[in-house]
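I have placed the structure first, in the form of structure tokens, so that the comments after it can refer back to it.
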Amino acid sequence: MLRTINFIIPALILIIVAGGCKRAYFYNGINEDPSQLHDPTPSSILAGVELASAYNWGGDPSRFASLFMQQTTGAANQSANYSLYNLTPDDVDNMWNAGFYASIMSNTDTLIKIALTDGQLHYAGIGMIMMAVNLGQVTDFWGDVPYTEAFKGLSNTSPKYDSQQQLYDTLQSLLDRAITYLSADDGSEFQPSKSDDLMYEGDLTLWVKFAHSLKAKFYLHTVKVNTSALTNCLAQISSGFAAGEGANITFVGSNAVTTQSPWFQFNDQRADITFDGYLNDLMYAAEDDRYGVYFDTSDSTLLGALYGSESSPVYFMSYDELKFIEAEAQFRNGNKAAAATAYNDAVAANLLRTVDSTDYLANVQKTAANITLQDIMVQKYIALFLSPETWTDWRRTGYPALTAPTGNVLNGALPRSLFYPSSEVRYNTNTPSNTTLTRRVWWDAQ
Numbered sequence: 067m068l069r070t071i072n073f074i075i076p077a078l079i080l081i082i083v084a085g086g087c088k089r090a091y092f093y094n095g096i097n098e099d100p101s102q103l104h105d106p107t108p109s110s111i112l113a114g115v116e117l118a119s120a121y122n123w124g125g126d127p128s129r130f131a132s133l134f135m136q137q138t139t140g141a142a143n144q145s146a147n148y149s150l151y152n153l154t155p156d157d158v159d160n161m162w163n164a165g166f167y168a169s170i171m172s173n174t175d176t177l178i179k180i181a182l183t184d185g186q187l188h189y190a191g192i193g194m195i196m197m198a199v200n201l202g203q204v205t206d207f208w209g210d211v212p213y214t215e216a217f218k219g220l221s222n223t224s225p226k227y228d229s230q231q232q233l234y235d236t237l238q239s240l241l242d243r244a245i246t247y248l249s250a251d252d253g254s255e256f257q258p259s260k261s262d263d264l265m266y267e268g269d270l271t272l273w274v275k276f277a278h279s280l281k282a283k284f285y286l287h288t289v290k291v292n293t294s295a296l297t298n299c300l301a302q303i304s305s306g307f308a309a310g311e312g313a314n315i316t317f318v319g320s321n322a323v324t325t326q327s328p329w330f331q332f333n334d335q336r337a338d339i340t341f342d343g344y345l346n347d348l349m350y351a352a353e354d355d356r357y358g359v360y361f362d363t364s365d366s367t368l369l370g371a372l373y374g375s376e377s378s379p380v381y382f383m384s385y386d387e388l389k390f391i392e393a394e395a396q397f398r399n400g401n402k403a404a405a406a407t408a409y410n411d412a413v414a415a416n417l418l419r420t421v422d423s424t425d426y427l428a429n430v431q432k433t434a435a436n437i438t439l440q441d442i443m444v445q446k447y448i449a450l451f452l453s454p455e456t457w458t459d460w461r462r463t464g465y466p467a468l469t470a471p472t473g474n475v476l477n478g479a480l481p482r483s484l485f486y487p488s489s490e491v492r493y494n495t496n497t498p499s500n501t502t503l504t505r506r507v508w509w510d511a512q
């Protein structure tokens, strides 16, 4: 957790310096910025990686997914176009460059390499988990993306695009290595702690649980294309998060803009997204107890306090998400009793996380006799408010059953991937040709 401004300032320096490089593939020290960290250590990089990941996760990835999935509505400017799926390669360039590649993944790659060289395997393991978090989101949005040849500076300015199938193997390998490193004594005097680990304050057990939870998530993503996906997914659940656990960063929320949560900053500075539409209508009609904390009931242009305040958290993953993953996997595996139990546990956990009461569970509780995949996915869609994962879930399952808004540019279809960014099209000769936003990624097979 973020507790002091002293944690944030060094981290933000790292973000700003990395973000100043337009392309992660190019930077190798030319035109060196005097504020750049010299001889960086894993400890000096980790906080920046975690904080930048949270800012980014709650930024463009969250906004694009929430607009596509009608959890929010674009009311003006670019956001209004995005609600109608009217976007271009230019619109995703900043998320790719200043977000994922130049700022986060490049620094994470450096963290891992230095930690391995210095024998600080616990830092390396944490870095591998954070790489999996971000690489997983990149490939889920775009499909095939650079990884094995990325982060090489001027030695390779046109890295190849790895196939998404290969990247999913990479994600599992990163997480397996992380679990191995974090589960043993690395013999190093330098260990993650409260001073540099903003998420778990050096609690390696929680990092291992996060890794297992991510493995379950990534296995489930491949259910359409991998016959072992359900078995592999379910095997990870018991080693994942327990009740009340999760992976998130809570922002300090001081008057300094750099300490405020990303959705608050966006609403404060841009305010071209409103919080009405499909999800708002769904929850209002159901008299859902979470409605009043998700939405500002007096003003549709504002988020509720839970996610719209200066100090709101950004969740990479939560216990309730893991239980929804278990519910879906058990349902698809034919065990409806276990699916209903996991589903009820998931809804209860989300209610506790959001409104600190499970009273509403009685309204949506399910049994083996009446549970459906739609029940699981719609409640997960509600629980994961503003999470990019909702778009992945819809593409995999078709739930919730959304209708494209009037005036959309995809002839009634919804987006299934993003355009490759304009800078990649211009500068990387290996970039696949952009087709349409209805292009399916590998795990989204027909």
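Each residue of the sequence shown is one higher than the one before, starting from 67 at the first, in this note's numbering. The beta carbon of each residue, even a glycine, is placed where N, CA and C say it ideally should be. If you're wondering where the values come from, they're calculated on a predicted model, not measured in any experiment.
1) Could you compute how far the alpha carbon of N416 sits from the alpha carbon of N494?
2) Can you tell me whether DSSP reads D228 as helix, strand or coil?
3) Just mark L220 as buried or exposed, buried being the case when its beta carbon has 16 or more other beta carbons within 10 Å.
4) Give me whichever residues DSSP pairs with I315 in a beta bridge.
5) Does I178 come out as helix, strand or coil in the three-state DSSP assignment?
6) What number of angstroms, rounded off, separates the C-alpha of Y409 from the C-alpha of T433?
7) Please classify Q136 as buried or exposed, where buried requires at least 16 neighbouring CB atoms within 10 angstroms.
8) Work out the CA separation of N163 and R505 for me, nearest whole Å.
9) Where does V380 land, buried or exposed, given buried means 16+ other C-beta within 10 angstroms?
10) Report the three-state DSSP secondary structure of V437 (helix, strand or coil).
11) List the whole-angstrom C-beta distance separating R398 from L296, where the pair is believed to meet the contact cut-off of C-beta under 8 Å.
12) Pick helix, strand or coil for G464, following the three-state DSSP scheme.
13) Out of curiosity, what's the CA-to-CA distance linking V274 and A282?
14) Are at least three pairs of beta-carbons, each pair with one atom in the region 153 to 172 and one in the region 119 to 127, less than 8 Å apart?
15) On the criterion of 16 or more Cβ atoms from any shown chain inside 10 Å, does E353 qualify as buried, or is it exposed?
16) Taking a contact to mean a Cβ-Cβ separation below 8 Å, would you say A406 touches L427 in this structure?
17) Quick check: what's the CA-CA separation for F50 versus W508?
18) Would DSSP call T504 helix, strand or coil?
19) What separation, rounded to the nearest whole angstrom, lies between the Cα atoms of G24 and A131?
20) Here's the rule I'm using: 16 or more other beta-carbon atoms within 10 Å means buried, otherwise exposed. How should N200 be labelled?
21) Cβ of P481 within 8 Å of Cβ of F217?
22) Roughly how many angstroms lie between the CA atoms of A467 and Q445, to the nearest whole one?
23) Straight-line CA distance for L177 to A113?
24) Taking all protein chains shown into account, do 16 or more other C-beta atoms lie within 10 angstroms of the C-beta of G370, making it buried, or fewer, making it exposed?
25) Considering only residues of the same chain and omitting the five flanking positions on each side of N152, which have a CB-CB separation below 7 Å?
26) Give the list of continuous beta strand (DSSP E) stretches no shorter than 3 residues that lie fully inside the region 243 to 319.
27) Cβ of G400 versus every heavy atom of the ligand PLP: is any distance shorter than 7 Å?
28) Applying the criterion that 16 or more other CB atoms from any shown protein chain within 10 Å of the CB defines a buried residue, is D175 buried or exposed?
29) Are the beta-carbon atoms of A8 and M265 separated by less than 8 Å?
30) Got a sec, what are the start and stop residues for the alpha helix (DSSP H) Q136 sits in?
31) Can you tell me whether E116 is buried or exposed? The criterion is at least 16 other CB atoms within 10 Å of its CB, across all chains shown.
32) Just the Cα atoms here: how many angstroms apart are S377 and T293?
33) Which residue marks the beginning of the alpha helix (DSSP H) containing A120, and which one marks its end?
34) Indicate the three-state DSSP secondary structure (helix, strand or coil) for G140 in the structure shown.
35) Is the region 183 to 196 close to the region 243 to 255, with three or more CB pairs under 8 Å?
36) Based on DSSP bridge pairs, tell me the residues matched to F397.
The structure says:
1) 43 Å
2) strand
3) Burial call: exposed.
4) Answer is V380, bridged to I315.
5) In the three-state reduction of the DSSP assignment, I178 falls in the helix class, which pools H, G and I.
6) 9 Å
7) buried
8) Put simply, the backbone Cα of R505 is about 22 Å away from that of N163.
9) buried
10) The identity of residue 437 in the sequence shown is Ile, whereas the question assumes Val. Note: I437 maps to coil in three-state DSSP.
11) 6 Å
12) coil
13) 13 Å
14) These segments touch.
15) exposed
16) No; because the gap between Cβ atoms is not below 8 Å, this pair is not in contact.
17) With the chain represented from 67 up to 512, any question about residue 50 goes unanswered, as that position is not in the structure.
18) coil
19) Since the displayed the chain opens at 67 and closes at 512, residue 24 lies outside it and no answer follows.
20) buried
21) no
22) 13 Å
23) 11 Å
24) Buried is the label assigned to G370, since at least 16 other Cβ atoms lie within 10 Å of its Cβ.
25) Same-chain partners within the cutoff: V475.
26) Listed in chain order, the complete beta strand (DSSP E) runs (minimum 3 residues) inside the region 243 to 319 are 312 to 316.
27) In the structure shown, the ligand PLP is absent, as is every other ligand, since no ligand is present at all.
28) buried
29) Since the first residue of the chain shown is 67 and the last is 512, residue 8 is not available in this structure.
30) No alpha helix (DSSP H) contains Q136, which DSSP labels as neither H nor E.
31) buried
32) 42 Å
33) 108 to 123
34) Shown here, G140 sits in a strand according to DSSP, grouped into three states.
35) yes
36) Answer is none; F397 lacks a bridge partner.
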